[in-house]
Amino acid sequence: MISVSGKNWIERKVNKNSVEKIKQDYKFNEILSKLIVSRNFDEDEINNINNNLEIINIFKNDSDFKSASEILNISIKNNEKICILGDYDADGTAATSLLVRYFNYIKQPHFYYIPDRVKDGYGATKKLFQKLILNQPKLVIMVDCGSTSNEAIDFLNQNKIKSIIIDHHEINKPYPASNVIINPKKNITRNEESYLCATSLTYFFLDYLIKSTGSDFKINNYLIFVLLATVCDVMPLRKINKIIASNVIKGFKINDNGVFKFIFKQLSLNKKLSIDDLGFSIGPIINSGGRLGFSNYGTELLTTDDPKLIQKRSIELIKLNEKRKILEQNILDEIDYEKINKQNQKVIIYYDANINEGLIGIIAARLKDYFNKPSIVITKSNNTLKASARSTSNYNIGNLIKSLIDNKIIEKGGGHNMAAGFTIKKSKLNSLNDFIQKDYNNKIIDADLSYKYESEISASSINKRFIDEINKLGPFGNHNCLPIFLIKNVKIIKSNIINKKHISVIVKPNIGSSLKSICFNCINTQIGEYLLSYKKNINIAAEINENIWNNKKSIQLNIKDLLL
């Protein structure tokens with residue numbers, strides 16, 4: 214079924230026998246059983262539905278955690294100064310903040326550094342450590358970076374400085390000669406380990422350390438940092454991540470946290486935390502400093518309890534995020550989508566020397582969403598080019614980066630399944646394109662670029678009970694997205710533009726009550742034009758959720774597309 218935006222929508226195929234088995238074994242209804250099968254939930258995940266589960270440290274017997282704990286304990290006992298080096302995104306910021314909170318609590322001498330994206334580049338480098346060792350640390354802990362920093366680690370070793378790497382990006386052999394590397398990618402024994410971001414790993418490491426030393430530091434007070442990073446780094450919200458999300462969503466009280474209390478008030482958000490709040494509101498604000506030249510602001514905010522500093526940094530970051538939105542929209546408005554489409558690339562590679570390098574990751578994500586293809590955006594940075602990549606679930610972009618390094622096409626890079634970054638010489642752009650398109654064709658046969666809805670449902674079946682059944686699979690996020698349903702033959706009876714970019718809609722089925730709906734960021738699109746002017750019955754692909762406004766709940770459709 215073709216949509217007004219030219220996308221092909223089909224119903225997601227599932228094994229009917231598997232659906233029937235779930236219905237019989239667990240007494241779930243048809244819709245819920247089908248969702249469980251389509252998401253390939255294993256037995257543990259099914260059994261966890263409706264249960265309040267405790268967060269268990271899956272690394273309690275891990276030798277790397279034991280070694281890292283021993284090294285850090287020696288530094289603590291000897292009162293040695295510790296340097297924390299974190300990445301400039303939300304994951305690096307949150308992981309750094311966890312360590313800073315702990316070291317502040319135990320009064321451990323330390324300092325942290327979040328690299329400037331333009332001046333310092335990504336991660337741990339020899340040049341950066343030449344500057345940082347002037348502060349005379351005895352131990353360096355790298356979070357969300359370090360897995361490919363062999364030269365930098367060698368420099369630390371030459372200067373007799375110990376190091377611990379806590380990272381989740383792809384790692385190449387020979388590994389950096391760090392004292393300990395905590396990175397599940399070294400040897401994945403369980404899938405859920407590969408689901409963890411650097412902040413999750415840092416949380417479990419500190420939990421291990423605290424339990425082994427008998428510290429009374431309340432690490433669970435900062436679980437919100439873990440969920441923030443998990444959502445912003447687009448990690449799968451499955452297994453242990455889903456358990457963490459459930460605990461945070463149910464237990465986190467906005468008013469008990471000065472940072473979130475202030476930001477929620479500034480943004481007029483509801484008092485109950487949601488995954489969307491973290492992914493679409495809080496996360497971009499925390500990330501904005503790293504994107505626009507103020508990389509330390511996020512960590513300063515997450516590590517302070519001073520109301521004045523909370524207010525100052527929050528307002529600064531909110532303003533930076535507003536600036537980021539304007540810059541992003543200007544870039545998106547300049548992109549020739551029709552030209553890109555005609556190039557028929559399997560992996561979108563888009564080069565524009567004028568894009569702010571702090572925004573290339575966002576633009577790559579937007580192109581990926583628009584074309585439903587892995588996308589790479591490249592811009593000029595001093596004497597080289599920098600690139601950011603975002604991928605679809607069927608193509609591991611982290612493995613691609615390793616291949617590009619091995620084939621000497623890019624200078625350096627790193628990443629994980631869904632996101633990556635690298636630097637490249639302009640003279641290598643043609644080679645890059647040829648290699649990537651060939652690599653994709655070799656690995657992905659007959660890629661299905663169609664968009665999927667879960668089931669066709671009647672508008673009259675949409676009620677609180679229906680939503681409660683769907684929500685049993687929540688919290689929703691990457692690899693466990695809020696399901697999209699096809700609702701046929703509804704009429705648009707009212708539509709209003711909101712904030713010059715969204716459209717609020719009332720739709721009415723042939724039978725039953727009208728439904729409130731919203732379509733985000735659809736002004737000046739085909740969908741938006743139809744919503745504002747189309748008077749005949751139409752089919753909609755939409756998410757269905759409960760909207761909370763002024764502490765009042767109502768059913769709302771989140772329109773994703775209109776189908777003819």
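Numbering of the sequence shown is given in this note's numbering, commencing with residue 214 and proceeding in unit increments. Ideal placement from N, C-alpha and C gives every residue a C-beta, glycine not left out.
Less than 8 Å between the C-beta atoms of residue i and residue j, yes or no?
i: Phe475; j: Ser527; result: yes
i: Ser288; j: Val393; result: no
i: Leu248; j: Glu667; result: yes
i: Lys455; j: Asn758; result: no
i: His382; j: Gly611; result: yes
i: Asp469; j: Ile395; result: no
i: Ile753; j: Ile700; result: yes
i: Ile462; j: Leu482; result: no
i: Leu613; j: Ile649; result: yes
i: Ile498; j: Leu530; result: yes
i: Gly634; j: Ser601; result: yes
i: Tyr583; j: Tyr550; result: yes
i: Ile268; j: Ile467; result: no
i: Val447; j: Leu515; result: no
i: Ile488; j: Phe254; result: no
Given residue i, which residues of its chain have a CB within under 6 Å of its CB, disregarding the five upstream and five downstream residues?
i: Cys445; result: Ala303, Gly496
i: Ala578; result: Arg603
i: Met355; result: Leu298, Ala337, Ile378
i: Ser391; result: Ile366, Ser376, Ile378
i: Leu341; result: Asp333
Report, in whole angstroms, the separation of the C-beta atoms of residue i and residue j, which I expect to be a contact under 8 Å.
i: Asp681; j: Gly506; result: Wrong, their Cβ atoms sit about 46 Å apart, outside the cutoff.
i: Cys296; j: Asn348; result: 7 Å
i: Leu450; j: Asn691; result: 6 Å
i: Ile710; j: Ile716; result: 6 Å
i: Leu352; j: Glu293; result: 6 Å
i: Asn460; j: Leu441; result: That pair is no contact at about 14 Å.
i: Ser508; j: Gly502; result: 6 Å
i: Lys685; j: Ile262; result: 5 Å
i: Leu419; j: Tyr315; result: 6 Å
i: Ile223; j: Tyr239; result: Ile223 to Tyr239, Cβ: 27 Å. No contact.
i: Leu728; j: Ile761; result: About 17 Å separates the two Cβ atoms, so there is no contact after all.
Based on DSSP bridge pairs, tell me the residues matched to residue i.
i: Leu598; result: Lys593, Ile637
i: Ser527; result: DSSP lists no partner for Ser527.
i: His382; result: His382 is not bridged to any residue.
i: Gly627; result: Gly634
i: Glu756; result: Ile697, Asn771
i: Pro722; result: Val703
i: Ser231; result: DSSP, once it has assigned bridges, lists no residue as partnering Ser231.
i: Ser708; result: Val718
i: Phe417; result: Beta-bridge pairing links Phe417 to no other residue.
i: Ile223; result: Lys665
i: Arg603; result: Ser588, Ala632
i: Phe324; result: Cys296
Going by C-alpha distance, which of the options is nearest residue i?
i: Lys707; options: Asn400, Ser730, Glu283; result: Ser730
i: Ala755; options: Leu613, Phe698, Ser727; result: Phe698
i: Phe272; options: Asn468, Leu414, Phe430; result: Leu414
i: Thr738; options: Met214, Gly219, Asp518; result: Gly219
i: Pro389; options: Asn372, Lys375, Ser459, Ile366; result: Ile366
i: Ile423; options: Leu480, Pro350, Ile319; result: Ile319
i: Pro696; options: Val703, Lys773, Asn702; result: Lys773
i: Leu775; options: Lys766, Ile467, Ile761, Leu744; result: Leu744
i: Ile591; options: Thr605, Lys641, Lys234; result: Lys641
i: Asp257; options: Gly427, Lys399, Lys452; result: Lys452
i: Phe368; options: Lys386, Gln343, Asp357, Ser360; result: Gln343
i: Asn557; options: Lys240, Arg537, Ser588, Lys536; result: Ser588
i: Asp380; options: Gln237, Phe477, Asn363, Cys358; result: Cys358
i: Ala784; options: Asn554, Glu547, Lys651, Lys581; result: This structure gives no information on residue 784, because the portion of the chain shown stretches from 214 to 777.
i: Tyr207; options: Phe316, Arg504, Tyr315, Thr426; result: It is not possible to answer for residue 207, since the shown part of the chain is limited to 214 through 777.
i: Lys431; options: Tyr335, Asn317, Glu405; result: Asn317
Can you list, in chain order, the residues of its chain with a C-beta nearer than 8 Å to that of residue i? Leave out the 5 residues immediately preceding and following it.
i: Thr512; result: Gly299, Thr306, Thr309, Ser310, Val313, Tyr325, Ile327
i: Leu645; result: Ile562, Leu617, Ile622, Ile623, Ile637
i: Asn221; result: Met214, Ile215, Leu662, Ser663, Tyr664
i: Ile657; result: Lys559, Asn607, Tyr608
Is there a C-beta anywhere in chain D that falls below 8 Å from the one on residue i?
i: Ser717; result: Looking for chain D here will not work: only one protein chain is present.
Spatial neighbours of residue i within its chain, please: CB distance less than 7 Å, with the 5 preceding and 5 following residues excluded, ordered by chain position.
i: Ser673; result: Pro722, Ile724, Gly725
i: Leu540; result: Asn569, Leu572
i: Tyr653; result: Lys559, Val560, Tyr608
i: Lys332; result: none
i: Lys714; result: Asn734, Ile736
i: Val217; result: Gln739, Ile740, Tyr743, Leu775, Leu777
i: Asn242; result: Glu682
i: Val250; result: Val227, Asn228, Ser231, Val232, Ile235
i: Asn372; result: Ile346
i: Arg252; result: Asn693
i: Phe438; result: Ala307, Ser310, Leu311, Thr412, Leu515
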